[in-house]
Amino acid sequence: MSEVIGNHIIHKYLRHNKKFPHVLCPGCGHGIALGALIRSVHCLGLEKDDVVIVAGIGCSGRLAVYVDFNTVHTTHGRALTFATGIKMAKPHLKVICLMGDGDALSIGGNHLIHAARRNIGITALVLNNNIYGMTGGQCSPTTPHGSFSMTSPYGQLEKGFDVAELARAAGANFVARGTSFHAQQLDKLLIQALQHPGFSMVEVVSPCHTQYGRKNKFKGAVDMYKWLKKSATPVERYAELDETGQKDRFPIGVFVDNDAPGLEEQYYALKEKMRGRKS
Amino acid sequence: MSEVIGNHIIHKYLRHNKKFPHVLCPGCGHGIALGALIRSVHCLGLEKDDVVIVAGIGCSGRLAVYVDFNTVHTTHGRALTFATGIKMAKPHLKVICLMGDGDALSIGGNHLIHAARRNIGITALVLNNNIYGMTGGQCSPTTPHGSFSMTSPYGQLEKGFDVAELARAAGANFVARGTSFHAQQLDKLLIQALQHPGFSMVEVVSPCHTQYGRKNKFKGAVDMYKWLKKSATPVERYAELDETGQKDRFPIGVFVDNDAPGLEEQYYALKEKMRGRKS
Amino acid sequence: MAKEKGNSKVTIYPDWCKGCGICVAFCPAKVIELDGQGKARVVREEDCIHCGFCELHCPDFAIVVTEIERCPK
Amino acid sequence: MAKEKGNSKVTIYPDWCKGCGICVAFCPAKVIELDGQGKARVVREEDCIHCGFCELHCPDFAIVVTEIERCPK
Amino acid sequence: MKQGVNLERFEIRLSGLGGQGIITLGRVLGAGLALGHGYQVTQTQSYGPEARGGSSRCDLVVSSGKISYPKAQSLDLLVALSQEACNAYYSFLKPGGILVLETDLVRQPPTNLYLGLPFTEMAASKVGIVQAMNTIVLGAISYLLPFVEQRIMRSSLQSALPAKIRDVNTKAFNLGHREAKREFGEQPEIWKGKPEEREGSDI
Amino acid sequence: MKQGVNLERFEIRLSGLGGQGIITLGRVLGAGLALGHGYQVTQTQSYGPEARGGSSRCDLVVSSGKISYPKAQSLDLLVALSQEACNAYYSFLKPGGILVLETDLVRQPPTNLYLGLPFTEMAASKVGIVQAMNTIVLGAISYLLPFVEQRIMRSSLQSALPAKIRDVNTKAFNLGHREAKREFGEQPEIWKGKPEEREGSDI
Amino acid sequence: MAAGRKKKRKELFALGNEAVVEGALLAGCSFYGGYPITPSSEIMEVMAQRLPKNDNGVFLQMEDEIASMGAVIGASLAGCKAMTATSGPGFSLMQEHLGYACMVEAPLVLVNVMRGGPSTGLPTSPAQGDVQQARWGTHGDHSMIVLSASNVQECLEMTITAFNMAEKYRTPVVLLLDEITAHTREKITIPREDEYEVFNRVVPTMPPEWYKPFEETVRGVPPMPPIGSGYRFHVTGLTHDPNGFPTSRPEEVADLMERMFRKIDQFLPQVSLYEEYLCADADVCVVAYGSVARSAEYAVEQARERGVKAGLLKLKTLFPYPRAATEKVMGHARALVVPEMNMGQISREVKRVNNGRATVRALNRVDGQIITPSEILKAIMQV
Amino acid sequence: MAAGRKKKRKELFALGNEAVVEGALLAGCSFYGGYPITPSSEIMEVMAQRLPKNDNGVFLQMEDEIASMGAVIGASLAGCKAMTATSGPGFSLMQEHLGYACMVEAPLVLVNVMRGGPSTGLPTSPAQGDVQQARWGTHGDHSMIVLSASNVQECLEMTITAFNMAEKYRTPVVLLLDEITAHTREKITIPREDEYEVFNRVVPTMPPEWYKPFEETVRGVPPMPPIGSGYRFHVTGLTHDPNGFPTSRPEEVADLMERMFRKIDQFLPQVSLYEEYLCADADVCVVAYGSVARSAEYAVEQARERGVKAGLLKLKTLFPYPRAATEKVMGHARALVVPEMNMGQISREVKRVNNGRATVRALNRVDGQIITPSEILKAIMQV
Ligand SMILES: Cc1ncc(C[n+]2csc(CCOP(=O)(O)OP(=O)(O)O)c2C)c(N)n1
Ligand SMILES: Cc1ncc(C[n+]2csc(CCOP(=O)(O)OP(=O)(O)O)c2C)c(N)n1
Ligand code: SF4
Ligand code: SF4
Ligand code: SF4
Ligand code: SF4
Ligand code: SF4
Ligand code: SF4
Ligand SMILES: [Mg+2]
Ligand SMILES: [Mg+2]
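These protein sequences, in sequence, are chains A, B, C, D, E, F, G and H. Quick note, in the working numbering, the first sequence goes up one by one and the last residue is 517. Quick note, in the working numbering, the second sequence goes up one by one and the last residue is 517. Quick note, in the working numbering, the third sequence goes up one by one and the last residue is 140. Quick note, in the working numbering, the fourth sequence goes up one by one and the last residue is 140. Quick note, in the working numbering, the fifth sequence goes up one by one and the last residue is 398. Quick note, in the working numbering, the sixth sequence goes up one by one and the last residue is 398. Quick note, in the working numbering, the seventh sequence goes up one by one and the last residue is 410. Quick note, in the working numbering, the eighth sequence goes up one by one and the last residue is 410.
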């Protein structure tokens with residue numbers, strides 16, 4: 239992917255019978271992530287018919303309707319369960335889940351760790367804006383300790399998940415983190431994830447100025463992207479930093495990269511074996 | 239705890255108006271774990287009135303009814319949610335959750351990781367027998383790859399969770415693993431867990447001969463305890479083993495030991511602070 | 068833990084014993100055996116070294132081991 | 068990526084632009100500004116170095132940057 | 196808390212962009228009418244995706260009697276502080292209803308029958324903070340609505356605000372009232388009495 | 196698949212310990228009666244905690260006509276292969292019903308009216324595998340029940356089993372039948388004809 | 028209630044959702060556990076501000092609706108007056124625990140702000156599609172108290188009532204609002220302390236050894252101590268005996284079930300809340316609840332102006348269905364009009380009770396729009 | 028159906044739960060996703076053995092019931108005939124997704140084996156407490172097809188019927204069994220291929236550009252292609268327009284809702300399955316379903332022997348409630364007896380339909396025991 243894939247390509251993947259611009263707020267990181275997803279599908283030369291986007295409920299989930307793939311907008315937190323059914327039934331399809339941080343990690347946390355454990359061949363995008371965007375700014379399981387939201391008016395007392403770490407511990411084959419500021423790296427991470435067997439998860443740190451930024455001293459969308467630029471640090475460099483260096487930064491890049499066969503591969507191999515036995 | 243605490247002490251904690259022996263199968267590891275729990279409560283000198291056992295549904299959950307504490311037998315997978323409500327409402331109570339592997343990790347997996355993240359002051363016992371005992375031997379999220387159950391008649395294709403690892407990644411303050419064969423160590427682990435602030439989890443590997451052993455070449459209950467004796471290895475020693483040495487073994491002991499204040503402590507401190515402000 | 072032989076009294080409540088055999092299999096002094104009804108029975112009490120294993124591992128709390136000479140405190 | 072100035076055409080579809088200001092803030096060549104209606108407008112197209120940033124980061128796919136001389140392949 | 200004018204049912208929509216303080220404006224206006232003037236008031240607003248994408252809307256129904264249907268459908272007054280809002284809601288204005296615009300932000304009014312002021316610019320240049328724009332609008336509306344008493348609405352506004360921004364908002368309110376009086380002319384005739392009954396209309 | 200005897204409703208309970216193969220016994224017996232002999236049969240069994248703690252129970256209702264109520268409540272035949280089972284279910288036996296015991300495992304029969312064999316010991320010593328005990332019981336029951344044809348039940352058993360354990364189980368079946376014939380004497384009189392109607396009883 | 032001057036009542040310009048919080052705090056609510064969902068989220072948000080400031084208030088955001096109900100029940104067992112709020116999808120998720128609360132007799136209040144359904148449906152539009160669900164959504168037969176409110180002041184009042192009934196009958200109470208009622212701001216008046224009743228659950232007064240947690244009592248409601256107060260007992264969702272121990276003995280199960288139905292049924296008159304408006308001589312009676320009752324009231328007035336003797340039976344209790352009140356209006360009304368923002372859920376109850384006496388005309392709408400006064404008026408004029 | 032000799036029918040001695048699996052496989056089920064729970068687990072366990080051996084069968088154990096329904100809906104959208112099975116607590120957890128399946132019109136079969144409730148209740152005892160829940164358990168108004176079976180052979184047959192209805196009407200179908208029916212072994216006869224109908228969903232036959240996934244059709248049921256077959260479209264639980272795109276425009280919402288109700292209502296006669304037994308001249312008619320219908324049949328025979336003209340209306344469809352059939356028997360029966368293992372859930376429907384014509388006597392039991400023939404007989408003799 240040496241060349242920038244421009245929006246004239248993106249436009250070919252958008253639904254022509256949908257109204258644009260989309261419903262998301264000005265400057266919402268989710269739109270940028272969607273661009274990255276489309277570019278990575280394009281780069282891999284996947285057929286639109288073979289791509290299934292399974293989305294949860296949230297601003298993030300709202301993206302699905304705009305792209306000209308097979309799109310399923312499911313229920314809050316459960317996208318991975320629908321995706322699992324689809325993938326097991328039709329293993330040749332590229333099944334991609336689009337979820338928010340609340341979606342994937344609060345109500346949907348169990349499905350995430352089980353999809354990872356099962357190693358089902360799905361690529362999960364967690365668009366992490368550290369907040370419930372859609373419902374108006376309540377805290378999510380990634381809202382940082384001390385920060386403010388509609389349901390933590392005196393500062394969040396709980397700590398947030400390290401999403402990548404959780405996916406790793408649960409058994410995911412491929413785990414990475416990018417941001418919607420680092421769009422080109424995000425393209426690469428998504429391409430890797432989509433090519434992986436088994437379960438792959440990419441966390442995309444994606445700012446929500448409207449619901450998170452506003453309450454936490456960010457002046458506007460641009461301000462949040464500046465923060466991303468400053469604090470997101472390649473994992474290799476991050477590992478070399480001492481504690482003070484790591485403070486106020488977070489690592490991006492690839493954290494887990496295994497090649498165990500996906501559940502659907504194993505299952506269909508079993509069927510094949512049993513068929514062999516029968517005949 | 240230099241002296242063995244005998245069953246004459248245990249008997250004082252059992253409900254005299256309940257029928258014994260309990261409903262569990264001969265040789266079920268869960269009974270041994272219950273003994274350890276009672277001993278650790280006894281050693282810490284806790285008042286019966288101050289102890290709350292919140293149990294899920296499963297053979298493991300059935301234990302609660304036999305002990306003379308405040309006991310709440312909840313719904314399948316959700317014990318931690320009830321316990322969270324109780325602990326936040328009455329922070330001085332010792333709240334202990336008794337859950338099975340299916341209970342805590344399959345249907346209840348999300349509550350486990352959230353209780354860990356939240357660091358709520360609860361001690362969670364996960365009685366892990368690698369199977370759904372109560373419902374007749376279907377696979378659980380800890381059923382090892384390749385083993386047999388009523389729902390994996392051709393061998394389990396999925397891999398099992400590393401429960402301790404998952405709890406750690408989710409943010410638990412204290413994480414340990416014991417077995418019902420290593421009862422004395424279990425007492426010690428439980429005592430440590432009960433003394434810890436915040437969320438502590440002890441996984442107890444606890445054999446189910448009836449539903450797991452039978453289908454996986456264990457000749458009887460005793461056979462399973464022999465297997466535990468052989469394969470459970472203190473974490474320090476385990477760490478020193480090479481890959482072949484680690485194969486067929488698993489580590490027991492303390493994996494995480496942090497001291498972050500529990501959510502309830504933080505919450506009541508906040509209230510205190512705000513009250514200060516008011517007056 | 069008393070380690071001397073002959074000091075211990077091993078009581079098994081047959082009503083609570085389910086005959087799982089754990090105490091039988093792991094007692095270091097072979098003090099216990101299963102009887103014809105499949106219940107644990109103390110057969111060599113004098114060999115008991117009061118290691119506590121059987122008491123700690125009986126899933127049904129059916130065994131109590133005490134010292135013979137003095138009352139348990 | 069063309070790095071030479073003056074070779075690029077920067078098109079912004081005002082209908083899709085929501086005026087978030089990302090392209091304005093991060094364009095290395097200061098090609099874009101927000102107009103009175105709060106929409107992005109190309110003001111120094113000739114300075115564009117075709118770095119692609121604006122295209123990749125417009126959350127609304129409102130910007131297209133092409134090379135002037137030849138048709139995009 | 197006597198009601199100056201007997202109102203059957205009067206519908207107001209305040210609309211514009213997120214961040215303009217539309218909802219606060221509606222709440223203060225509503226509280227002033229309900230608690231200060233003693234009218235029955237129902238106030239509703241836009242939620243969900245509607246409330247994102249930068250748009251904002253707040254409706255009030257004001258009446259002397261009980262309000263059967265709390266949402267606005269046929270507007271007596273539409274305040275539009277952005278072009279999108281104006282386009283979206285102009286058609287809900289009832290015949291003879293009044294349209295109030297932010298003249299800098301609504302460059303293409305859908306009709307030439309409107310009242311307008313450059314509220315944002317006024318806030319920036321005359322009050323010194325753009326955020327006070329909504330209070331200027333409140334002042335202007337308070338002038339326009341014959342059933343609003345300036346004094347009551349002003350004190351209602353004051354009691355809704357924290358001390359440190361009270362003065363500047365009072366100033367903004369007065370400015371809005373004054374400028375509206377100068378620019379808008381007479382209060383609309385049709386509102387003066389009891390609005391005609393709208394029997395059978397789908398309220 | 197003609198039915199040899201006309202049955203109104205005949206209730207059997209097989210009970211004992213987990214691991215004795217009670218459920219399999221019931222299924223084979225039920226299949227033999229339903230598919231082989233052409234009776235209406237309903238078979239139910241214990242589930243849940245009941246089925247743990249080592250106990251096991253399997254009921255059959257056999258009838259020539261439709262079975263209205265599929266669970267057993269008033270037993271014509273109780274087979275008890277453990278003391279606990281015998282204690283628990285003896286009271287469900289109807290007056291005149293027959294009790295069959297495992298004489299080594301039921302040391303304290305609740306009555307002296309019973310038929311017994313040391314099935315486990317027989318399996319161990321005469322068949323060579325303890326697991327075949329349930330098949331011996333099947334053979335014995337097949338003798339006892341006047342509406343069972345030995346030949347049909349045996350072939351029903353055989354078709355239910357994988358080839359490699361077929362022979363040993365046939366042997367066990369025959370053993371049970373033979374020993375029952377020798378030990379139990381005549382088939383119970385009361386079962387020979389159509390059992391009396393039990394009108395109004397709470398079936 | 029001193030002889031001195033009464034305090035002035037506080038007035039607020041508040042959302043229906045905010046009024047719920049006011050009511051809950053007046054009733055003594057000290058625990059909120061929830062998960063946000065439109066159009067109920069403001070209840071949670073205001074609780075997040077208020078409860079930490081309260082003496083013993085606990086606010087907790089849980090990971091989902093299932094967890095929310097779990098926490099609420101836990102807190103209830105620990106002695107709190109506890110509540111949660113949600114909307115359609117979350118209400119569906121709460122059903123298992125709603126049944127658990129019935130079974131262990133844990134008092135709690137669950138506010139469901141109805142939006143368009145089924146499924147994600149119309150998240151920001153009003154509906155009344157969850158009425159029968161509120162009664163039947165959990166598995167297994169059970170009793171359920173379901174209340175509603177039709178304007179902002181009633182949101183406050185009915186929340187107090189919900190807490191009182193929950194505590195009095197040891198049962199979960201569902202308060203159904205619709206999006207309109209919840210998202211409308213109106214003036215509300217906060218009652219003075221002497222103007223509303225607060226009922227607190229009955230706690231045991233015998234020594235712990237004599238206490239049986241699920242024993243029969245005159246009211247059918249056993250006293251309930253908070254966990255940790257010296258009364259140690261077992262709580263389970265299995266059918267249980269008076270000690271709380273699991274049982275499947277038919278007599279014991281029957282006793283339990285019978286008591287649980289009876290403890291509510293025997294107080295039917297107290298539990299059945301409704302308002303009659305111009306009902307006394309009505310030929311045509313509208314039966315309505317929630318925001319539709321507002322439209323109905325107006326329509327009834329208009330019908331009277333046109334010479335039709337119309338009346339309104341406004342239901343505040345939806346279940347147990349106010350049978351007696353309905354029968355009473357059917358004593359003279361020849362026709363009943365039942366307007367609902369669903370395909371006919373309360374009209375089923377009306378028809379069941381009706382037993383052929385009057386003509387029952389259901390007026391239904393499921394497009395996310397409120398039923399207007401003129402639609403109801405038309406129906407009144409037609410029947 | 029060649030002229031040659033017909034194959035002998037296969038006979039099995041099988042559990043009700045096993046018969047469900049036989050029926051499902053005959054109907055073409057190729058996907059099972061589930062979570063074990065007593066007393067439904069055998070359905071899952073037998074599926075675990077059978078599906079991996081089938082040509083295209085997929086078996087999946089999910090982490091809970093919510094996930095199970097998610098996977099089943101996903102598989103249905105991907106073109107599978109898909110099913111799950113559960114019992115009470117799991118059924119409550121499946122409600123949100125049941126509503127989603129309604130909304131996106133995903134055909135699927137959900138078997139709920141009823142046990143004693145509410146809550147954990149009586150896990151191994153029979154009950155019929157989830158009947159109204161099956162109709163109303165999910166939020167938002169919707170249609171729902173609910174079937175039942177009263178013996179093991181019917182378990183097989185009604186499972187086939189459930190799949191056929193699901194595919195024909197593009198809707199989830201709930202099959203309600205009770206613990207007795209599920210856990211009884213009886214002889215079943217596997218029908219020959221020419222003895223039962225299998226309906227496969229209608230797939231679009233126009234070029235993809237012309238396909239509108241939620242468009243009006245004569246039957247009200249739009250054709251449904253499997254995901255990945257060239258017809259790309261949007262599926263959402265939000266109210267949607269014919270293209271599947273979210274909409275809140277009242278007209279579009281009304282069109283959608285109206286079609287979703289109509290697609291089932293207009294086929295009421297086909298959907299209403301029941302059996303009449305000695306009904307033609309019955310004075311007293313028992314209305315029953317599930318295992319209770321077995322007792323009822325016997326009781327009716329006994330009553331006839333005693334000279335009472337009794338009959339049995341055995342319901343196989345519970346919802347949409349077979350109104351016409353009930354009205355027909357009420358044409359001559361002066362009394363209806365409705366025995367149920369709940370506090371009266373179908374008797375509510377009978378009363379609603381009855382409209383004052385006949386005496387309706389509910390006979391209820393909630394102690395985990397079946398209702399016996401003699402109890403029903405007594406009720407018949409009394410009314
Ligand atoms: C069962 C259920 N509970 C709650 C909701 C309400 N809800 C919709 S989106 C959302 C959270 C959105 O946050 P996130 O997943 O982080 O997505 P974002 O909007 O931030 O992209 C919630 C709580 C719902 N739709 N369904
Ligand atoms: C919502 C719900 N789903 C399923 C069940 C059925 N169920 C009861 S216990 C259990 C699993 C028990 O396994 P585990 O938690 O490992 O406990 P164990 O019996 O092995 O100790 C299941 C699936 C239930 N009671 N509730
Ligand atoms: S609320 Fe936040 S996440 Fe949602 S569209 Fe707006 S910026 Fe994006
Ligand atoms: S089934 Fe397994 S876990 Fe349950 S009591 Fe028996 S041995 Fe223990
Ligand atoms: S360990 Fe306990 S139950 Fe097992 S045999 Fe010994 S005494 Fe009996
Ligand atoms: S205490 Fe030790 S030595 Fe004594 S009987 Fe028990 S296991 Fe054997
Ligand atoms: S990034 Fe896009 S939406 Fe934002 S200002 Fe630039 S063109 Fe407009
Ligand atoms: S391509 Fe680069 S230089 Fe050119 S306008 Fe965009 S951001 Fe500026
Ligand atoms: Mg988010
Ligand atoms: Mg287990």
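Glycine included, each C-beta is placed from N, C-alpha and C at the ideal position. Just so you know, these numbers come straight off a predicted model, no measurement behind them.
Nearest to residue i (by Cα), restricted to the options the options
i, options, result
"VAL473(A)", "GLY269(A), THR389(A), VAL494(A), ILE334(A)", "VAL494(A)"
"ALA354(B)", "ILE243(B), TYR506(B), ASN496(B), GLY491(B)", "ASN496(B)"
"SER95(G)", "SER418(B), PHE320(B), LYS325(B)", "PHE320(B)"
"ASP114(C)", "PRO81(C), VAL132(C), GLY86(C), CYS87(C)", "VAL132(C)"
"GLU220(H)", "ILE407(H), ALA406(H), MET408(H), LYS35(H)", "LYS35(H)"
Expected contact under 8 Å - CB spacing of residue i and residue j to nearest Å
i, j, result
"THR266(G)", "GLY148(H)", "6 Å"
Under 9 Å by beta carbon: chain F residues contacting residue i
i, result
"ILE397(H)", "TYR264, PRO265, LYS266"
Closer than 7 Å at the beta carbon, the chain D residues around residue i
i, result
"TYR450(A)", "Near TYR450(A) there are no residues of chain D at all, since even the closest Cβ is about 15 Å away, more than 7 Å."
Contact list for residue i against chain B, beta-carbon separation under 8 Å
i, result
"HIS166(G)", "Per Cβ cutoff of 8 Å: no residues; HIS166(G) is ~12 Å from chain B at best."
Closer than 7 Å at the beta carbon, the chain B residues around residue i
i, result
"GLY257(G)", "ASP287"
Chain B contacts from the stretch 75 to 91 of chain H (Cβ-Cβ distance under 7 Å): Among the residues of the stretch 75 to 91 of chain H, those with a Cβ less than 7 Å away from any Cβ of chain B are ALA75, GLN76, PRO79, GLN88, GLU90, ASP91, in the order of the chain.
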